[in-house]
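*Asks:* I'd like to ask some things about the structure below.
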DNA sequence: TATTACATATTTGTATACAAAATACAATAC
DNA sequence: GTATTGTATTTTGTATACAAATATGTAATA
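Dropping the structure here:
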């Protein structure tokens, strides 16, 4: 049966979901025939979807042995944070140069529901956080930059819920970034977002070191 | 017939070459059957190679209509330079932190043949240049960073030969970058490589503006 | 002559078949 | 009991067949 728009697309989305919710576990081997049957498709479009996921660092292929759900070790997670510093730093810079009120508004809207609240729902904040960071990239209107920013997928793989640090710490940081963008200060915007990402990175590094020494 | 290591690998390399040397032209539609026959393989491994190229921005897929050799417009080229500023900037920073004499040596070796020469061979220098920039990334030993740096392919698509500016201008800049890395000055290393990339970018922008007004 | 409608040819997307490699497992030797 | 070999099974990589969609060409009409 042939549908109008390419089967590999929905398969890709479905697989991503399955990886996210743990239906497919870290390090697990993907037995193509099995997954294909489960999804009710053949191996051909499944392969297409898997290759797309491989390029997003979610799946790892070992020639002649199979495809595996990628499991990130600590070094790789830190390395990804370094990449994020570079990419998001540049994004903040670009947005500050644009200095568009519309952009600033969109960014502010992400966190509007959390301002001066007694209680912040972690899940809602985690979503807002993820949304903010990918929005930042998207608003640059730089397609190649968007293309290389596929780490948001991995983001909540690092921690259970998707947050490394509590909202009390990060909410203010987010607004420092937005304010620098609003002020049209590229260097400051870049600096603030790097600080923001770097703090989470350092926290992770410390956690890993503690794990090790135990 | 089945070979030991996956047919799509050599196909991928071959296609990249064909794009590079113009055997496959910008915007050209890839008729899978034709290319497959030409390369003596079936569509299946060809598709795998094409999907890999799509993820590197070299091929563009339009569902149900086919795959095309991507043609970059001026905005995209500029956007790629912005990405390079971000990625290579971070790479230089990381290397400056590492402060390894071995790394410094490798980087210096790239341009050693060109120091205080009366005549510099453009092709040789272009190769050294490309090598230097990808080496910079590779030496960080940051796999995700490496993964998102696939613009070197596109590099010489921008100009005919792969150089935007003459060696007289860039040789010194390259050594400014290397010296900052050697000195263990991350901020300076990042600044210098950004300047370096930015100058080429600005030149391209000016050229495009001239083209337009003519 | 330009435009639409239809028939035909191409080409993509998908499923499937099959060969070769990898893996699992049992039987044998040590 | 462990190691080793040989055999059966599973799984990947590739080719191929076929259906559905798109592109092409031709004739009929305005």
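Residue numbers (the numbering used here), protein chains in the order written: chain A, 3 to 216; chain B, 3 to 216. Every residue gets a Cβ at the ideal spot worked out from N, C-alpha and C, and that includes glycine. Model, not experiment: these values are computed from the prediction.
1) With a Cβ-Cβ cutoff of 7 Å, do residue 89 of chain A and residue 14 of chain A count as a contact?
2) How big is the Cα-Cα spacing for residue 169 of chain B and residue 55 of chain A?
3) Return no unless some Cβ of chain A is closer than 7 Å to the Cβ of residue 57 of chain B.
4) Is it the case that the Cβ atoms of residue 71 of chain A and residue 21 of chain A are separated by a distance below 7 Å?
5) With 7 Å set as the bound, which would you pick, yes or no: does the beta-carbon of residue 146 of chain A sit closer than that to a beta-carbon of chain B?
6) Please report the residue range of the alpha helix (DSSP H) in which residue 68 of chain B lies.
7) In this structure, what does DSSP give as the bridge partners for residue 31 of chain B?
8) Rounded C-beta distance between residue 85 of chain B and residue 109 of chain A? I'm assuming under 8 Å.
9) Answer yes or no: does any C-beta atom of chain A fall closer than 7 Å to that of residue 1 of chain B?
10) DSSP three-state call for residue 64 of chain A: helix, strand or coil?
11) Helix, strand or coil for residue 210 of chain B? Go by DSSP, reduced to three states.
12) Spatial neighbours of residue 45 of chain A within its chain, please: C-beta separation below 8 Å, excluding the five flanking residues on both sides.
13) Would you check if the distance between the CB atom of residue 163 of chain B and the CB atom of residue 128 of chain B is smaller than 7 Å?
14) Consider the Cβ of residue 81 of chain B: report whether some Cβ of chain A lies at a distance smaller than 7 Å.
15) Excluding sequence positions up to five away, which residues of its chain have a Cβ less than 7 Å from the Cβ of residue 4 of chain B?
16) Taking 7 Å as the CB-CB limit, is residue 71 of chain B close to chain A?
17) Ordered along the chain, which non-local residues of its own chain (more than five positions away) have a Cβ less than 7 Å from that of residue 199 of chain B?
18) Would you decide whether residue 23 of chain A is buried or exposed? Buried here means 16 or more other CB atoms lie within 10 Å of its CB.
19) Is the shortest distance between the beta-carbon of residue 171 of chain A and the beta-carbons of chain B less than 7 Å?
20) Got a sec? Which residues, its chain only, sit under 8 Å from residue 106 of chain A by beta carbon, not counting five neighbours each side?
21) Hey, how far is the Cα of residue 175 of chain A from the Cα of residue 197 of chain A?
22) Within 10 angstroms of its Cβ, does residue 97 of chain B collect 16 or more other Cβ (buried), or is it exposed?
23) Nearest-angstrom Cα distance between residue 125 of chain B and residue 155 of chain A?
24) Which residues in chain A have a C-beta closer than 7 Å to the C-beta of residue 78 of chain B? List them in chain order.
25) Report the rounded CA-to-CA distance for residue 133 of chain B versus residue 113 of chain B, giving the unit in angstroms.
26) How big is the Cα-Cα spacing for residue 171 of chain A and residue 75 of chain A?
27) Express the C-alpha separation of residue 208 of chain B and residue 116 of chain A in angstroms, rounding to a whole number.
28) On the three-state DSSP scale, how would you describe residue 216 of chain B?
29) With DSSP collapsed to three states, give me the class of residue 119 of chain B.
30) Would you tell me roughly how many angstroms separate the C-alpha atoms of residue 40 of chain B and residue 81 of chain A, rounded to the nearest one?
31) Output the distance between the C-alpha atoms of residue 99 of chain A and residue 211 of chain B, rounded to the nearest integer angstrom.
32) Let me know the secondary structure DSSP gives residue 22 of chain B once reduced to three states.
33) For a contact meaning CB atoms closer than 9 Å, what does residue 96 of chain B contact in chain A?
34) Which chain A residues sit within Cβ distance under 9 Å of residue 35 of chain B?
35) Can you confirm whether residue 8 of chain A, when its beta carbon is compared against all beta carbons of chain B, has any partner nearer than 7 Å?
36) Which chain A residues sit within Cβ distance under 7 Å of residue 149 of chain B?
*Replies:* Taking the geometry as given:
1) Not closer than 7 Å, so no.
2) Cα-Cα distance, rounded: 40 Å.
3) Closer than 7 Å to some Cβ of chain A, the Cβ of residue 57 of chain B qualifies, so yes.
4) In contact: residue 71 of chain A and residue 21 of chain A (Cβ atoms closer than 7 Å).
5) Among the CB atoms of chain B, one or more fall inside 7 Å of the CB of residue 146 of chain A.
6) Element bounds for residue 68 of chain B: not the alpha helix (DSSP H) but the beta strand (DSSP E), 68-71.
7) DSSP lists B:70 as partners of residue 31 of chain B.
8) The pair is not a contact, with the Cβ atoms about 21 Å apart (cut-off 8 Å).
9) Absent from the structure is residue 1 of chain B, since the part of chain B shown begins at 3 and ends at 216.
10) For residue 64 of chain A, the secondary structure class from DSSP, reduced to helix, strand or coil, is strand.
11) The answer is helix: DSSP assigns residue 210 of chain B an H, G or I state.
12) So the list reads 34, 35 and 38, once near-sequence residues are dropped.
13) The Cβ-Cβ distance between residue 163 of chain B and residue 128 of chain B falls below 7 Å.
14) Yes, residue 81 of chain B lies at the interface with chain A (some Cβ there is under 7 Å from its Cβ).
15) Note on residue 4 of chain B: pLDDT 31, under 50, position unreliable in the model; no value is reported.
16) At a cut-off of 7 Å, the C-beta of residue 71 of chain B has no neighbouring C-beta in chain A.
17) Here the set comprises 83, 86, 87 and 90.
18) By the 10 Å Cβ count, residue 23 of chain A comes out exposed.
19) Not closer than 7 Å to any Cβ of chain B, the Cβ of residue 171 of chain A fails to qualify, so no.
20) Excluding sequence neighbours, residue 106 of chain A sits near 180, 183 and 184.
21) Straight-line Cα distance between these residues: approximately 9 Å.
22) Classification of residue 97 of chain B: buried, given that the 10 Å Cβ count is 16 or more.
23) Straight across, the Cα-Cα distance linking residue 125 of chain B with residue 155 of chain A is about 41 Å.
24) Here the neighbours are 145 and 146.
25) For residue 133 of chain B and residue 113 of chain B, the distance between alpha carbons rounds to 10 Å.
26) Here the C-alpha atom of residue 171 of chain A lies approximately 26 Å from the C-alpha atom of residue 75 of chain A.
27) As the crow flies, the alpha-carbon of residue 116 of chain A is around 45 Å from that of residue 208 of chain B.
28) Assigned with DSSP and collapsed to three states, residue 216 of chain B falls in coil, not helix or strand.
29) Coil, per DSSP.
30) Residue 40 of chain B and residue 81 of chain A have their C-alpha atoms spaced approximately 41 Å apart.
31) If you take the alpha carbons of residue 99 of chain A and residue 211 of chain B, they lie about 20 Å apart.
32) Helix.
33) Going along chain A in sequence order, the residues near residue 96 of chain B (Cβ under 9 Å) are 84.
34) Going along chain A, no residue has its Cβ under 9 Å from residue 35 of chain B, so there is no contact; the nearest lies around 16 Å.
35) Yes, contact with chain B.
36) Those within 7 Å of residue 149 of chain B in chain A are 59.
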